[in-house]
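Asker:
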Amino acid sequence: MAEVVRMPKMSDTMTEGVIAKWHKKVGDKVNSGDLVAEIETDKATMDFESYQEGTLLYIGPKEGEAVAIDAVIAVLGEPGEDFQALLSGDAPAAEKAPEKTEEKKAEEVSGPASSASTVTPEELGCTVITMPLLSDTMKEGVIAQWNFKVGDTIKSDDAIADVETDKATMEVTAYADGTLLYVGLEAGQAAKVNDIIAIVGPAGTDITPLLNQKSAPAKAETAEAPKADSAAAVTAAPVASSSSDDSRVKASPLARKIAQEKGINLSDIKGSADGGRIVKKDVESFVPVAAQPAETKAAAAPATEAKAITLPTFVGEERYTEKPVNQMRKTIARRLAESLFTAPHFYLTVSIDMDNAMAARAQINEVAPVKVSFNDIVVKAVAVALKKHPAVNSSWQGDKIRFNEHTNIGVAMAVEDGLLVPVVRFADGKSLSHISAEVKDFAQKAKAKKLQPADWEGSTFTVSNLGMFGIDEFTSIINSPDGAILSVGAIQAVPVVKNGAVVPGNVMKVTLGCDHRVVDGATGAAFLQTLKSLVENPVRLLA
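To get our numbering, take the position in the sequence shown, counting from 1, and add 33.
1) Looking only at C-alpha atoms, which of Thr74, Asn64, Ala101, Thr78 sits nearest to glutamate 111?
2) For a minimum of 4 consecutive residues, which ranges assigned as the alpha helix (DSSP H) are wholly contained in the segment 418-462?
3) What's the C-alpha gap between glutamine 430 and threonine 364?
4) To which residues does DSSP link tyrosine 91 through a beta bridge?
5) Let me know the secondary structure DSSP gives proline 242 once reduced to three states.
6) Ignore the nearest five residues each way along the sequence and tell me which others in aspartate 301's own chain have a CB closer than 8 Å to its CB.
7) If you draw a straight line from the alpha carbon of valine 572 to that of leucine 381, how long is it in whole angstroms?
8) Could you check if threonine 88 belongs to the surroundings of the ligand FAD, using beta carbon to heavy atom distance under 8 Å?
9) Can you tell me whether DSSP reads alanine 334 as helix, strand or coil?
10) In its own chain, which residues sit with a C-beta less than 8 Å from the C-beta of alanine 336, not counting the 5 before and 5 after it?
11) I think glutamate 73 touches leucine 166, with their Cβ atoms under 8 Å apart; what is that distance to the nearest whole Å?
12) Thinking C-alpha only, which one of Leu109, Lys480, Lys182 is nearest glycine 60?
13) Using a 10 Å radius around the Cβ and a threshold of 16 neighbouring Cβ atoms, would you call alanine 265 buried or exposed?
14) Please report the distance separating the alpha-carbon of glutamate 173 from that of aspartate 228.
15) Since I believe threonine 163 is in contact with isoleucine 106 (beta carbons under 8 Å), could you give me their beta-carbon distance rounded to a whole number of angstroms?
16) Output needed for valine 412: all residues of its chain with C-beta closer than 8 Å, excluding positions within five of it in sequence on either side, in chain order.
17) Suppose you measure from the CA of valine 405 to the CA of glutamine 396; what does that come to, to the nearest Å?
18) Threshold first: 3 residues or longer. Then list the beta strand (DSSP E) segments lying entirely within the segment 467-547, N to C.
19) The alpha helix (DSSP H) with glycine 211 in it runs from where to where?
20) Thinking just about the alpha-carbon of each residue, which of Gln360, Glu350, Gly158, Gly234 is nearest to the one in alanine 223?
21) Pick from Gln562, Val69, Gly217, Gln117: whose alpha carbon is nearest that of valine 415?
22) State buried or exposed for lysine 356, treating a residue as buried only when at least 16 other CB atoms are found within 10 Å of its CB.
Spelled out as structure tokens, the structure:
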């Protein structure tokens with residue numbers, strides 16, 4: 034009996050998947066465990082193995098098409114079996130294709146004559162490679178580097194480029210055999226998800242029709258640019274002539290335009306790109322030799338007999354540097370803004386006596402295989418406290434509240450381009466040494482941009498520690514979808530009152546940021562009291 038194969042949910046935030054590649058075709062025999070397709074999710078491209086057996090009778094979406102979760106993507110059954118009844122109600126893309134084709138033909142008849150010459154990549158035997166969705170929050174990617182150049186032979190499993198996402202730098206696989214015919218952008222440039230970045234096909238293929246279809250509007254805009262530049266040349270103030278010398282200098286069009294606007298001679302600039310080519314950043318960072326200030330000349334004049342007191346004149350130059358916002362910073366800005374303006378935050382602060390914790394840490398590190406930090410003690414204490422206060426280990430789900438029975442602690446880590454939050458899973462059951470080793474490993478991967486999506490997904494609570502920077506106390510924005518976050522300050526040597534006497538002490542302040550939709554004030558306060566008790570008596574964490 035025929036069975037439908039549906040788009041699986043392959044990550045916690047996935048709503049649809051894109052068929053990156055089919056490994057089977059209609060008529061092929063499929064066994065349980067066979068690789069049927071590669072599916073691009075919101076996290077990465079993953080292999081989809083069949084859990085059913087039979088002959089592949091039907092394939093719905095084509096390669097590159099997106100399909101919602103649970104939608105029918107294929108049908109397995111006996112050869113020649115009627116499966117049409119299984120497709121009714123699912124509205125597969127294949128059944129709608131004839132209508133779309135008819136509509137497209139109607140548009141071609143009534144539309145401009147140029148639309149009749151539309152050429153598809155399939156007709157040329159080419160494969161169009163688009164910017165893939167490599168993380169759940171990715172909107173665009175920056176080409177960190179190309180691993181091949183136009184004219185190189187490509188295999189389907191080759192990593193043609195490294196793409197910088199908002200999380201890390203990841204590889205983009207070609208999924209096609211052939212020759213690299215076209216590269217759409219240079220290293221360092223950004224492209225939105227699903228934008229064309231390259232074309233692979235048979236060597237010598239004329240892809241001009243494909244490029245003309247994609248770039249026709251852009252050419253119309255650039256056609257007007259010379260007129261605008263000419264008008265500006267007539268009305269603007271005189272600038273340094275660069276028509277003869279600059280024409281022989283290798284420079285990008287944008288670099289030439291900026292140089293013309295600033296009155297800079299390109300021959301005075303040293304290019305940083307391949308072959309000494311001048312690019313935008315070279316022009317913007319170029320500092321011309323300043324002319325001798327008039328005050329310097331005046332200083333050389335003979336002094337007057339009156340011996341008047343004169344103040345030296347300082348000639349300054351207003352300057353600034355602009356840096357494009359990278360993918361990580363864009364995502365940090367977007368997600369934290371969403372959290373702050375969506376979740377009603379409130380904060381609770383408590384002071385913790387760290388004398389016992391400091392003594393216990395010294396004793397633990399005498400026998401521990403790895404050095405245990407105060408942050409490791411806090412992470413462990415938080416995980417244990419959350420088991421006693423599940424309301425703090427919860428998240429808002431819109432029409433329901435999810436109370437997590439596991440404790441996955443996100444540890445905020447500062448990296449060069451922003452902030453990453455890898456997750457220590459099931460931290461309540463791990464030893465301090467285990468937590469310490471795991472956090473250190475995450476820190477090395479974060480700095481090297483080697484963290485994978487599985488490393489930062491699934492937190493139920495987050496710890497952010499700025500104590501090592503000498504920050505006494507601070508508040509943090511909740512790492513959605515968590516219901517709370519703990520901000521940890523520095524340990525301060527201060528006078529404290531013990532047994533009615535003022536004595537030296539060591540105090541650390543922690544601040545709990547709560548989502549008021551799931552955590553009430555009394556609930557948060559009770560959690561902090563439990564946390565305070567555990568940190569002040571760390572032997573309880575070893576029991």
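C-beta atoms are modelled at their ideal positions from N, C-alpha and C, and glycine is treated no differently.
Answerer: With the structure as the only source:
1) As a first step, residue 111 is located in the sequence shown; it is residue number 78 there, counting from the start. If we check each option's Cα against that of glutamate 111, Asn64 comes out closest.
2) none
3) As a working mapping, residue 430 is identified with position 397 in the sequence shown. As a working mapping, residue 364 is identified with position 331 in the sequence shown. Approximately 21 Å, taken between the alpha carbons.
4) Within the sequence shown, residue 91 is the residue found at index 58, counting from 1. Note: tyrosine 91 sits in a beta bridge opposite Val108.
5) Position 209 of the sequence shown holds residue 242. Here proline 242 sits in helix by DSSP.
6) Working through the sequence shown from its first residue, we reach residue 301 at position 268. The residues are Phe319, Pro321.
7) Residue mapping note: residue 572 aligns to position 539 of the sequence shown, counting from 1. Residue mapping note: residue 381 aligns to position 348 of the sequence shown, counting from 1. Roughly 25 Å separates the two Cα atoms.
8) The ligand FAD is absent from the structure shown, which contains no ligands of any kind.
9) In the sequence shown, the residue the question calls residue 334 occupies position 301. Unreliable placement is indicated for alanine 334, whose pLDDT of 46 sits below 50; the coordinate value is still reported in the next sentence. Three-state result, alanine 334: coil.
10) Taking the sequence shown and counting its residues from 1, the one referred to as residue 336 is at position 303. For alanine 336, the pLDDT reaches just 47, beneath the cut-off of 50, and the residue's location in the model is therefore unreliable, although a value from the coordinates is still provided. Cβ within range, chain order: n/a, list empty.
11) Start at 1 with the first residue of the sequence shown, and residue 73 comes out as number 40. Start at 1 with the first residue of the sequence shown, and residue 166 comes out as number 133. Rounded, the Cβ-Cβ distance is 7 Å, consistent with contact.
12) Residue mapping note: residue 60 aligns to position 27 of the sequence shown, counting from 1. The shortest Cα separation from glycine 60 among Leu109, Lys480, Lys182 belongs to Leu109.
13) By one-based count along the sequence shown, residue 265 stands at place 232. For alanine 265, the pLDDT reaches just 34, beneath the cut-off of 50, and the residue's location in the model is therefore unreliable, leaving the point undetermined.
14) Reading the sequence shown from its first residue, position 140 is the one you call residue 173. Reading the sequence shown from its first residue, position 195 is the one you call residue 228. For glutamate 173 and aspartate 228, the distance between alpha carbons rounds to 9 Å.
15) On the sequence shown, residue 106 is found 73 positions in, with the first residue counted as 1. On the sequence shown, residue 163 is found 130 positions in, with the first residue counted as 1. With a Cβ gap of about 20 Å, isoleucine 106 and threonine 163 do not count as contacting.
16) Translated into positions along the sequence shown, residue 412 becomes position 379. Excluding sequence neighbours, valine 412 sits near Ile442, Val444, Val457, Ala460, Ile468, Val472, Val496.
17) Looking up residue 405 in the sequence shown gives position 372. Looking up residue 396 in the sequence shown gives position 363. The straight-line gap from Cα to Cα measures roughly 10 Å.
18) 494-498, 517-531
19) For this step, residue 211 is matched to residue 178 along the sequence shown. Segment 211-216 is the beta strand (DSSP E) holding glycine 211; no alpha helix (DSSP H) there.
20) Position 190 of the sequence shown, counting from 1, holds the residue named residue 223. Checked all of Gln360, Glu350, Gly158, Gly234; the closest Cα to alanine 223 is Gln360.
21) Looking up residue 415 in the sequence shown gives position 382. When only C-alpha atoms are compared, the closest one is Gln562.
22) Along the sequence shown, read from residue 1 onward, the residue named residue 356 stands at position 323. With fewer than 16 other Cβ atoms inside 10 Å of its own Cβ, lysine 356 counts as exposed.
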